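Undergrad: This structure is in structure tokens; I'll ask about it shortly.
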Ligand code: AMP
Ligand code: MG
């Protein structure tokens, strides 16, 4: 937690606010969440208003431990218990049939519910003190990258949130892996902090790779996790020439510089070298995108990492950041 201290008093205050229908932003190991009492339909609806996001998006219900699974899920399959045992607390979300306790406001009207136990001392203390489930989408406005520090949350939501608990920078830095356990075989809906390889090892069989290309799904915004600047994906070796071309075309160019390139090979307004370790890259990714936005770039050049381990989640977020954007909201395009 890098020296940040959250006192018991703050946790009690936060739990009280949740009981009273308030919104509390809290740290998790993935990104900061915008928390509400999952059983309070009005409070859950307020999280959508605070984010400026359409209300038909299902939320993840955060729990204090796997012992609460049966309270929130109608029928818990053995596979869910196995994955919970292996990966919770941690960046794995399981989609399961909802119990009547889960209001439809929290599931976007679906009969399934997404549940997870976050691996962060502040989140766990809050969940234990509160006792119930906490819905928490990422604590950012619709149209911005996810927050990985309390300061990002403050910049994003200001006084739209009743309290922000500061637990230091998020350690994983990208969202959880979502696994759907309601079909005939487990399926990854979104790659994230738990790797596909680790899931396959735990399950004992291969998992389908999700479609990480920016496919156009009707009714969904293909663009997500996007900074203000337009993100363009190019092969690493082409970045120096592409940066020159874009600069000559009048762009203020930012570069997420892959480890294979030396900074002096690129001329750009802002160059952010990315770490060679995918864990460090994932941890820093959203901060880097914010940093490039702040430097005034209107175009960000990036290349995809190898899709092993956490590289799969990083590549997924970069593809979505580079995806086509709804023309109605120039400059603000993600959820
Ligand atoms: P976020 O809270 O921004 O990390 O997003 C939550 C993610 O979980 C979204 O991508 C949702 O589509 C997904 N999700 C939540 N509940 C369900 C569900 N019942 N079925 C499928 N996906 C879900
Ligand atoms: Mg989000």
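Numbering (the working numbering), first residue to last: 84 to 418. Heads up, the beta-carbon is just placed ideally off N, CA and C, and yes, glycines get one too. Please read these numbers as outputs of a predicted model, since none were measured by experiment.
Drop a sphere of 10 angstroms on the beta-carbon of residue 164, count the other beta-carbons inside from all chains shown, and report buried for 16 or more, exposed for fewer.
TA: Classification of residue 164: exposed, given that the 10 Å Cβ count is below 16.
Undergrad: With distances taken between CB atoms, is the gap from residue 358 to residue 251 smaller than 9 Å?
TA: The answer is no: Cβ separation not under 9 Å.
Undergrad: Tell me whether residue 116 sits in a helix, a strand or coil according to DSSP, three-state version.
TA: Residue 116 falls in the strand class under three-state DSSP.
Undergrad: Using CA atoms only, rank isn't needed, just tell me which of 98, 387, 162 and 407 is closest to residue 208.
TA: It is 98.
Undergrad: Please report the straight-line C-alpha distance between residue 397 and residue 240, rounded to a whole angstrom.
TA: Their backbone Cα atoms lie some 25 Å apart in a straight line.
Undergrad: Beta-carbon within less than 8 Å of residue 340's beta-carbon, same chain only, minus the 5 sequence neighbours each way: which residues are those?
TA: Closer than 8 Å at Cβ, skipping near neighbours: 322, 346, 349, 354, 355, 356 and 357.
Undergrad: Keeping to the same chain, check which residues put their C-beta closer than 6 Å to that of residue 84; ignore five residues upstream and five downstream.
TA: For residue 84, the predicted structure reports a pLDDT of 49, less than 50, and the residue's modelled location is therefore unreliable. A value from the coordinates is still provided. Taken in chain order, the residues that qualify are 250 and 251.
Undergrad: Sort 235, 113 and 158 by Cα distance to residue 264 and report the nearest one.
TA: Residue 158 is the option with its Cα nearest to residue 264.
Undergrad: What does DSSP give as the partner residue(s) for residue 384 in the beta ladder?
TA: Residue 384 pairs with 315 and 338.
Undergrad: Can you list, in chain order, the residues of its chain with a C-beta nearer than 6 Å to that of residue 169? Leave out the 5 residues immediately preceding and following it.
TA: Contacts found: 285.
Undergrad: Are three or more beta carbon pairs between the stretch 309–323 and the stretch 371–385 nearer than 8 Å?
TA: Cβ pair count under 8 Å is three or more, so yes.
Undergrad: Tell me the rounded alpha-carbon separation between residue 225 and residue 135.
TA: Distance between the alpha carbons of residue 225 and residue 135: 5 Å.
Undergrad: If you drop the 5 nearest sequence neighbours on each side, which residues of the same chain put their C-beta closer than 8 Å to that of residue 367?
TA: For residue 367, where only same-chain residues beyond five positions count, the Cβ hits under 8 Å are 256, 357 and 358.
Undergrad: Going by other Cβ atoms of all chains shown within 10 Å of its Cβ, with 16 needed for buried, is residue 183 buried or exposed?
TA: That one is exposed.
Undergrad: Give the secondary structure of residue 355 by DSSP, where H, G and I count as helix, E and B as strand, and everything else as coil.
TA: Of the three classes helix, strand and coil, the one that applies to residue 355 here is strand, per DSSP.
Undergrad: Could you check whether the stretch 122–134 touches the stretch 272–291, counting it as contact only if at least three pairs of C-beta atoms, one from each stretch, sit closer than 8 Å?
TA: At 8 Å Cβ cutoff, the stretches do not touch.
Undergrad: Under 9 Å between the Cβ atoms of residue 227 and residue 114?
TA: Cβ distance not < 9 Å, so residue 227 and residue 114 don't count as in contact.
Undergrad: Since residue 145 sits in a beta bridge, which residues does DSSP pair it with?
TA: Beta-bridge pairing links residue 145 to 199 and 217.
Undergrad: Given residue 393, which residues of its chain have a CB within under 8 Å of its CB, disregarding the five upstream and five downstream residues?
TA: Closer than 8 Å at Cβ, skipping near neighbours: 257, 276, 278, 361, 362, 364 and 365.
Undergrad: Where residue 160 and residue 205 are concerned, what is the direct C-alpha to C-alpha distance, given to the nearest angstrom?
TA: Computed Cα separation, rounded: 29 Å.
Undergrad: Could you tell me which residues DSSP puts in a beta bridge with residue 263?
TA: 178 and 270.
Undergrad: Taking the beta strand (DSSP E) that residue 108 falls in, what are its first and last residues?
TA: Looking at the DSSP string, the run of the beta strand (DSSP E) that includes residue 108 is 107–109.
Undergrad: Are residue 108 and residue 317 closer than 9 Å when you measure CB to CB?
TA: It is not a contact, given that the beta carbons lie outside the stated cut-off.
Undergrad: Any heavy atom of the ligand MG inside 8 Å of the beta-carbon of residue 223?
TA: Answer for residue 223: yes, Cβ within range of the ligand MG.
Undergrad: Can you find a heavy atom of the ligand MG that lies under 8 Å from the Cβ of residue 259?
TA: Residue 259 Cβ: outside cutoff for every heavy atom of the ligand MG.
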